[in-house]
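Single-structure report; data block below.
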Amino acid sequence: MSEPTPLLEADSLTTSDEPCGLVVVANFSERQKSRYKTQTQCGRPLGWFLTRGQVLKEGDVLRCRTGESVQIRAACEACSQVESDNTLALMTAAYHLGNRHVPLQLGLGFLRYQQDHVLDEMLAGLGLVVSHQSLPFHPESGAYHTKSMLFINHGH
């Protein structure tokens, strides 16, 4: 009888551009957990122990205590998508979804959120057409969670 494969423990992200031999596919709900146990695509057990509030994104690389790296891939999941050339209609939809604190992916001419029939009906009531697709979901992280934003110094 073979011994079980030991758990890979990841506790940080790395900025390394080196190719990773290990990949884990996770949906948005899983990627926003600071502590999570799963397995890589090749079946190796993996647990990550990250700073609370950190959301893993497509392409992020976890650094394991063994020195190994694991790349994050976003899983396809059931999404609702609204597309329109009408900027005001999309802004109105984004306002109403944001008012309900719905994680929302923004793109040129579209909004995407995790499929929810109540939200679908609300947007249809605003005159928008909602489609359902299985896609990776990459919602905005919020104004206070991004390092790539330009911050304006207000003297605080």
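Numbering (the numbering used here), first residue to last: 67 to 222. Here a beta-carbon is modelled for each residue, glycine too, at the ideal position from N, C-alpha and C.
Burial state of residue i (16 or more Cβ within 10 Å)
i: Phe176; result: exposed
i: Leu192; result: exposed
i: Leu112; result: buried
i: Pro169; result: buried
i: Leu122; result: buried
i: Leu163; result: buried
i: Val136; result: buried
Beta carbon of residue i nearer than 8 Å to that of residue j
i: Ser150; j: Asp186; result: no
i: Thr104; j: Val89; result: no
i: Phe198; j: Gln181; result: According to the sequence provided, residue 198 is His. The question's Phe does not apply to it. Cβ atoms of His198 and Gln181: closer than 8 Å.
Close-in-space but distant-in-sequence residues of the same chain around residue i (CB under 6 Å, 5 per side omitted)
i: Phe94; result: Phe203
i: Met188; result: none
i: Asp126; result: Leu79 and Ile138
i: Arg178; result: Cys145, Gln147 and Gln171
i: Asp77; result: Phe115
Cut-off 7 Å between Cβ atoms - residues of its own chain near residue i, not counting five sequence neighbours on either side
i: Ala190; result: Val196
i: Leu194; result: Val148, Ser150, Ala155 and Ala159
Minimum Cβ-Cβ distance from residue i to chain B less than 8 Å
i: Val196; result: Structure shown: chain B not included; a single protein chain is present.
Nearest candidate by alpha-carbon position, reference residue i, set the options
i: Ala92; options: His183, Glu143, Ser207 and Asn165; result: Glu143
i: Gly173; options: Glu206, Arg166, Gln199 and Gln181; result: Glu206
i: Gly109; options: Asn165, Glu84, Leu74 and Asp83; result: Leu74
i: Ser200; options: Tyr161, Ala140 and Asn165; result: Ala140
i: Gly87; options: Asp77, Leu128 and Thr71; result: Leu128
Cut-off 8 Å between Cβ atoms - residues of its own chain near residue i, not counting five sequence neighbours on either side
i: Glu124; result: Ile138, Arg139, Ala140, Pro202 and His204
At least three beta-carbon pairs within less than 8 Å, the region 116 to 129 to the region 86 to 106: Touching, per the Cβ criterion.
Inter-stretch contact (C-beta, 8 Å, three-pair minimum) for the region 119 to 138 and the region 154 to 167: no
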